[in-house]
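Notes for the one structure printed next.
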Amino acid sequence: MIGWLGGNVLRGFRLMIDFPRRTTYWERVSDLDPHELDQVGVTLEKQSDGYFIAGIAQKSGKPTVDAVRVGDKLIRVDSVLLTSATRGAIFAALHGKPGEVRVLVLERDGQQLTVPAKVTGF
């Protein structure tokens, strides 16, 4: 997360390094997207047979996604089937503006569950 956040923030700047003077010059070249990191609050782990929930983000001491458990297999996000999606497409499907709802299809103990999950602002 630290590298991801740093890369997102630094992308909006051009950095020039003046080594002889030991000085850096920063020029803003684009505005930051305040919703760039907003998504459904789950962490995924890629395994040989698919993507699994590895963690659930907390906000104000409460889980950001109800009815999802660590170890659930994520099958689909809205219309995006994870078995044929790229990692970028999966993150794009989980991304959104706070309050938007994504429909997650999960597999737990051999059963499929459909869970609405709100996008959280981070």
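Per this note's numbering, the very first residue in the sequence shown carries number 1118; after that it's consecutive. Cβ coordinates follow ideal geometry from the N, Cα and C atoms, glycine included. Just so you know, these numbers come straight off a predicted model, no measurement behind them.
Asp-1183 and Gln-1164 have their C-alpha atoms some 23 Å from each other. When the beta-carbon positions are compared, Thr-1160 and Gly-1172 come within less than 8 Å of each other.
Between the alpha carbons of Leu-1132 and Val-1220 lies a distance of about 40 Å. Between Arg-1128 and Arg-1186, the CB-CB gap reaches or exceeds 8 Å. For the region 1145 to 1179, the continuous beta strand (DSSP E) assignments of 3+ residues that do not extend past its boundaries occur at 1159 to 1164 and 1167 to 1173, in sequence order.
Only residues of its own chain outside the window of five on either side were considered, and among them Lys-1190, Leu-1191, Ile-1192, Leu-1199 and Thr-1200 have a CB closer than 8 Å to the CB of Gly-1167, listed in chain order.
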